[in-house]
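Student: Read in order, the letters of the sequence shown are residues 3 to 255 in my numbering. Take this structure, written in C-alpha cells, and hold onto it; I'll ask about it next.
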Amino acid sequence: MTPQGGEAVKERRRALVTGGAVRVGRAIALALAEAGMDVAIGYHRSAAAARRTVRELQARGARAAALRADLADPAAARRLVAAAARALGGLDVLVNNAARFARTPLGTVTSGQYDRLLDVNLRGAFFCAQAAAALMGRRGGHIVNIADVAADRAWPSYIPYTLSKAGIIALTRGLAAALRARRVAVNCVAPGAVLKPVRFSAARWRALTRGGAGTPADVAAAVVFFATCPPFITGQVLRVDGGETAGRPGGGA
Numbered sequence: 003m004t005p006q007g008g009e010a011v012k013e014r015r016r017a018l019v020t021g022g023a024v025r026v027g028r029a030i031a032l033a034l035a036e037a038g039m040d041v042a043i044g045y046h047r048s049a050a051a052a053r054r055t056v057r058e059l060q061a062r063g064a065r066a067a068a069l070r071a072d073l074a075d076p077a078a079a080r081r082l083v084a085a086a087a088r089a090l091g092g093l094d095v096l097v098n099n100a101a102r103f104a105r106t107p108l109g110t111v112t113s114g115q116y117d118r119l120l121d122v123n124l125r126g127a128f129f130c131a132q133a134a135a136a137l138m139g140r141r142g143g144h145i146v147n148i149a150d151v152a153a154d155r156a157w158p159s160y161i162p163y164t165l166s167k168a169g170i171i172a173l174t175r176g177l178a179a180a181l182r183a184r185r186v187a188v189n190c191v192a193p194g195a196v197l198k199p200v201r202f203s204a205a206r207w208r209a210l211t212r213g214g215a216g217t218p219a220d221v222a223a224a225v226v227f228f229a230t231c232p233p234f235i236t237g238q239v240l241r242v243d244g245g246e247t248a249g250r251p252g253g254g255a
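This is how it looks when you write it as C-alpha cells:
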C-alpha cells in the first residue's frame, strides 16, 4: 500500500487471542494492539468484559472484534479462527491463551472434569492452530501457545490441568516442525506466578509466591516478542517465572 507521496505504509498485522477478554489474555491483546496490530479476542462467558476490552483496543488505534466460542468444540474452534480472519481481513498471529484452571484431587476428579480441562486447554488449541495455519498461507505467520510452568512440576491436586499444559509444550514442538517449511513460527510462553487465581485467598497467594510474583505485562511482553520474531525462531519455550524453574540461589559463591 502506497500513499500519494510514494512512501510505503506498512500493513497492520492481524491477531487473534483466545481467552482475550480478561486477565492475562486481556494484557496480551492490549500489548499486541500497542505493537501496531489489529486484534480479535475470543471469549466464552465474559461478554461484558469482552466489550470493554474491545473498547480499550480501539482506543489504542486497533481494529478490534470480540467473538464468542466454546473451544471444547473443535468445530467452534475452527469457526472462531475463520470469523477472526473475516473481521480483520486476514490472520497473521494466533495466541492460544484460553484455558480452564480447576483443582481436581486424584480421588475425586470426574471424567467430565478431566475432559473439560483437556478439551478446552489442549484440543481447542490444536484445532485453532490447524485452522490458523491454513489461513496464514504463503506469507507465513506466528502461533504463540500459552503453557504454564506447572508442565514441569508435580501438582498432585491439578493433574489434568498440568497434563494439558505439558501437552501444549508438545503441541508447540510438533507444530513448529510441521509448519517450518511454510514460515509459520510456533513458540510457547510458560508463565509462572503472575496473577492470583480467582479462588485463591490473598494469604495463599502470598505464601505461594513468597513476594516474588510477576505481572500479566511480563507474559504479554514475551508474547509480543514471539508474535514478531523471525521465522527461524521456532519451537521454543520461554518460561516467564522470575527464574523459579532455574532453581533458587544456593549458599555458595
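Backbone N, C-alpha and C define an ideal beta-carbon position, used for all residues, glycine too.
1. Beta-carbon within less than 8 Å of Val95's beta-carbon, same chain only, minus the 5 sequence neighbours each way: which residues are those?
2. With DSSP as the reference, please indicate the residues paired to Asp40 in a beta bridge.
3. Pick out the complete beta strand (DSSP E) segments inside the segment 170 to 217, 3 residues or longer, and give them in chain order.
4. Does the segment 121 to 132 come close enough to the segment 212 to 229 to have 3 or more Cβ pairs within less than 8 Å?
5. Would you mind sorting Ala187 into buried or exposed? The rule is 16 or more other CB atoms within 10 Å of its CB.
6. Give me the Cα-Cα distance between Leu119 and Ile43, rounded to the nearest whole angstrom.
7. How long is the line joining the alpha carbons of Ala204 and Arg212, rounded to whole angstroms?
8. Between the Cα of Leu73 and the Cα atoms of Gly139, Ala168 and Cys130, which residue gives the shortest distance?
9. Which residue's Cα is closest to the Cα of Val56: Ala31, Gly92 and Ala172?
10. Tell me Leu147's beta-bridge partners as DSSP assigns them.
11. Using beta-carbon positions only, say whether Val41 and Leu69 come within less than 8 Å of one another.
12. Less than 8 Å separating the beta-carbons of Thr20 and Asn98?
13. If I follow the unbroken alpha helix (DSSP H) through Arg81, where does it start and stop?
14. Less than 8 Å between the C-beta atoms of Gly194 and Gly216, yes or no?
15. Cutting at 6 Å between CB atoms, please list the residues of its own chain near Ala273, excluding the five before and the five after it.
16. Do you know offhand how far Phe202's Cα is from Trp157's?
17. Skipping 5 residues on each side, what residues in its chain have a beta carbon closer than 7 Å to that of Leu181?
18. Tell whether a beta-carbon distance below 8 Å holds between Ser159 and Pro107.
19. Can you list, in chain order, the residues of its chain whose CB lies under 8 Å from that of Ser48, leaving out five sequence neighbours each side?
20. Which residues does DSSP pair with Arg54 in a beta bridge?
21. Which stretch, first to last residue, makes up the beta strand (DSSP E) that contains Arg125?
22. Identify, in the order they occur along the chain, each residue of the same chain with its Cβ nearer than 8 Å to the Cβ of Cys231, setting aside the five sequence neighbours on each side.
23. Hey, Ile170 and Ala104 are a contact pair by Cβ (cut 8 Å); roughly how many whole angstroms apart?
Tutor: This is what the structure gives:
1. Correct list, in chain order: Arg15, Arg16, Ala17, Leu18, Leu34, Met39, Gly143, His144, Ile145, Val146 and Ala229.
2. Paired residue(s): Arg16.
3. Listed in chain order, the beta strand (DSSP E) elements of length 3 or more contained wholly in the segment 170 to 217 are 186 to 193.
4. Touching, no, given that fewer than three Cβ pairs across the two stretches are closer than 8 Å.
5. Classified as buried, Ala187 has 16 or more neighbouring CB atoms from the shown chains inside 10 Å of its CB.
6. Going from the Cα of Leu119 to the Cα of Ile43 covers about 20 Å.
7. Ala204 and Arg212 have their alpha carbons spaced roughly 12 Å apart.
8. Of the listed residues, the one whose Cα sits closest to Leu73 is Cys130.
9. Check the Cα spacing between Val56 and each of Ala31, Gly92 and Ala172: the tightest is with Ala31.
10. Note that residue 147 is Asn in the sequence shown here, rather than Leu. Beta bridge pairing from DSSP links Asn147 with Asn98 and Cys190.
11. No.
12. A Cβ-Cβ contact shorter than 8 Å links Thr20 with Asn98.
13. Membership of Arg81 in the alpha helix (DSSP H) is indicated by the continuous run Pro76 to Leu90.
14. Taking 8 Å as the cut-off, the beta carbon of Gly194 is found closer than this to the beta carbon of Gly216.
15. Outside the displayed span of the chain (3 to 255) sits residue 273, for which this structure offers no information.
16. So the two alpha carbons sit approximately 15 Å from each other.
17. Listed in chain order, the non-local C-beta contacts of Leu181 below 7 Å within the same chain comprise Ala135 and Val188, local neighbours out to five positions each way being set aside.
18. Going by C-beta atoms, Ser159 is nearer than 8 Å to Pro107.
19. Contacts found: Ala23 and Val24.
20. Within the DSSP secondary-structure output, Arg54 pairs in no beta bridge.
21. Counted as a single uninterrupted DSSP element, the stretch harbouring Arg125 is not any beta strand (DSSP E), since DSSP gives it neither H nor E.
22. Closer than 8 Å at the Cβ level, and outside the excluded window around Cys231, lie His144, Ala187 and Asn189.
23. Not really, about 16 Å apart at Cβ, beyond 8 Å.
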